[in-house]
Amino acid sequence: MARRLSYSARYTLPTEKVYQALTSREMWDQRMDEFRKLTPKSDIEEFSFDEENGLSVTLTQVLPRSELPPIAQTVMKKDMIITRHEKLAPYDAEKTEGTYDASIPAGPGSLTGWQELFDTDTGSTNRRTTEVKVFLPFINGKLEQLILVNLVDLFREEATFTTDWIAKNL
């Protein structure tokens, strides 16, 4: 059975500013520089943005097997290579929607999600809803929960980075 998690990053800025940051190649380059502090083999494989099609970005990160939690090491016999795709539709003042997913070659599961960026009374929110499914009996629930906990940390760090980046660049 898949597990689902919703996470909302709240900004004190309007959606237009947040969208402008999330579709900036410069912001993604600097975000990857931050990722490389933890996982030196992190790269942007593909980046495209235009007002007609929105954003499409593909990232890869290599997590050394030795740094994975013990339960994950039982499944992953090599370094974990994560490929992440993220898409945002063209900007819509009402609500901008998008999708994301992550895959691991020979990984025993799937991660998919959707997001929506919308204005609130105090600024804006980027709500992400993630679904994780691990196809390994007996340990699937533990791995799914571990992935979701780590995603919350990742999303929190990315939101903090985005807020700081906007303050310095827009």
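So the sequence shown is numbered by the working numbering: it starts at 1 and just counts up by one. Glycine residues also receive a C-beta, built at the ideal position from the N, C-alpha and C atoms.
Just grab the DSSP bridge partners of GLN61 for me.
As a working mapping, residue 61 is identified with position 61 in the sequence shown. Looking at the DSSP output, GLN61 shares a beta bridge with SER42 and ILE82.
According to DSSP, is GLY141 helix, strand or coil?
Here residue 141 is taken as the residue at index 141 of the sequence shown, counted from 1. The three-state secondary structure of GLY141, taken from DSSP, is helix.
Three-state secondary structure (DSSP) of SER24
Here the question's residue 24 lines up with position 24 in the sequence shown. Three-state result, SER24: coil.
Determine the direct distance from the alpha carbon of GLU116 to that of GLU144, and round the result to whole angstroms.
Working through the sequence shown from its first residue, we reach residue 144 at position 144. Working through the sequence shown from its first residue, we reach residue 116 at position 116. For GLU144 and GLU116, the distance between alpha carbons rounds to 23 Å.
Excluding the 5 residues preceding and the 5 following ASN140 in the sequence, name in chain order all residues of the same chain whose CB lies nearer than 6 Å to its CB.
Looking up residue 140 in the sequence shown gives position 140. Within the same chain, ASN140 has close Cβ partners VAL134.
Could you pull the start and end residues of the alpha helix (DSSP H) that ALA72 belongs to?
Indexing the sequence shown from 1 puts residue 72 at position 72. Its alpha helix (DSSP H) spans residues 70–73.
Please list, in chain order, all residues of the same chain as ALA2 whose beta carbon is under 6 Å from its beta carbon, the five residues on each side excluded.
Here residue 2 corresponds to residue number 2 of the sequence shown, with the count starting at 1. Cβ within range, chain order: GLU131 and LYS133.
Own chain residues within Cβ distance below 6 Å of GLU86, not counting five before or after
Here residue 86 is taken as the residue at index 86 of the sequence shown, counted from 1. Around GLU86, the same chain offers VAL57 and TYR100 as residues with beta carbons nearer than 6 Å, after the five sequence neighbours per side are excluded.
What are the boundary residues of the beta strand (DSSP E) that ALA9 is part of?
By one-based count along the sequence shown, residue 9 stands at place 9. Judged by DSSP secondary structure, ALA9 falls within the beta strand (DSSP E) whose first and last residues are 3–11.
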